[in-house]
Structure formats: C-alpha cells, structure tokens
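Novice:
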Amino acid sequence: MSDLSELYKACRNGDVSTVQTLVASLSLDDINRQEPNGSTALHAASYYGHKDIVQLLLDKGACRQQLNKYNMSPADEASTPEIKKLFRRPTKERNQRFTTESLHLEWVKSAIDVREISLVNIMYTKPFKNLDEASTIICAASELQDAS
0 MSDLSELYKA
10 CRNGDVSTVQ
20 TLVASLSLDD
30 INRQEPNGST
40 ALHAASYYGH
50 KDIVQLLLDK
60 GACRQQLNKY
70 NMSPADEAST
80 PEIKKLFRRP
90 TKERNQRFTT
100 ESLHLEWVKS
110 AIDVREISLV
120 NIMYTKPFKN
130 LDEASTIICA
140 ASELQDAS
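Per our numbering: the sequence shown ends with 147, consecutive numbering throughout.
1. How should Cys10 be labelled, buried or exposed, when 16 other C-beta atoms within 10 angstroms of its C-beta is the threshold for buried?
2. Determine, using beta carbons only, whether Leu85 and Gln54 come nearer to each other than 7 Å.
3. Mind checking whether the beta-carbon of Gln65 lies closer than 6 Å to any heavy atom of the ligand ATP?
4. Please report how far the alpha carbon of Asn31 lies from the alpha carbon of Cys138, in whole angstroms.
5. Rounded to the nearest angstrom, how far is the Cβ of His42 from that of Pro73, given a contact under 8 Å?
6. Starting from the C-beta of Glu76, find all residues in its chain whose C-beta is less than 6 Å away, skip the five residues before and the five after it, and write them out in chain order.
7. Just to confirm my understanding: we take Ser147, look at its own chain, exclude 5 residues before and 5 after, and list those with CB closer than 6 Å. What are they?
8. I think Leu66 touches Ala40, with their Cβ atoms under 8 Å apart; what is that distance to the nearest whole Å?
9. Do Lys59 and Val22 count as a contact pair if the criterion is CB distance below 7 Å?
And the structure:
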C-alpha cells in the first residue's frame, strides 16, 4: 500500500526518531488518520509491539478508541500485555478527567432538542390539559430562551 502515511510506516517499522520528528509538526487529526488499510498509526505501533512509540502517541493525544476495519481498537491490537497496560488510564487521571478546580462553569448547548426533552420531563411531573398547553408553557420558560 503506497498510500500509507510516513507516520504510519514509521510506527509500523519501530522508527522512534522519525515518529518523534513527525508528531512534533502534525495535527491531532493527522496523528489519528485512518489509513487505506483501515488502521491508524497507533494501531500499527501497538500491533507490531513498539511500546515506546505507543507511549509517545498516547502522550500526544492519539485516540485510544478509534476502531479499525476489523472493529478493533489499538488496545485490542496490542501484541503484549505491557502495551495493553499503556492504554489504561491511571486512577488519578480517570477521576480528574471531567472535573475542574476552577469556579468557572461552562454550559455546552446540546444537539438534542432541549424543548422536546423538557416537555416530556414536565409532562411527567405536572399535569397539563393537553400537549399544546404544555408546549406553550415550556416555550415561554425563561430557562429555555437561550436553548433555541
């Protein structure tokens, strides 16, 4: 396969210095690129047993969960138990993954229709005469004005 990226080839071949040079200038999308053979550079390093390269890619933020065409993650492809262990997040890191010590709270608008979910939730907690009445009250709610 001549269309394989230089990063993939270096990871497959265990060329640590080339991998270090390449990842320094590549975007995360490039690092996580799915190659024509269906795998990523992390899959290759893991499958071929290149522990140092696996660690380097993980440290750079390579995607641990991306599946290849065989529906296997890089951890599934690990050639040794030592490499498989690299994919486990330390307990401290796992526990702090979605937390912050900052007092700043950021709300993210969801792609799910907030009004529809709110309508269902309110219908189960407060009786309405009909759906039209419930919908009117929910649409007028000040908490939802920014959600539209």
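For glycine and all other residues, C-beta sits at the position ideal for the given N, C-alpha and C. All of these numbers come straight from a predicted model, not from anything done at the bench.
Specialist: Result, derived from the coordinates:
1. buried
2. yes
3. By its list of ligands, the structure shown contains no ligand whatsoever, and the ligand ATP lies outside what it can speak to.
4. 42 Å
5. 5 Å
6. His42, Ser45, Tyr46
7. Because the pLDDT of Ser147 is 47, which lies under 50, any placement of that residue in the model is unreliable, and the question is left without a value.
8. Between Ala40 and Leu66 the Cβ distance is about 15 Å, and since that is not below 8 Å, they are no contact.
9. yes
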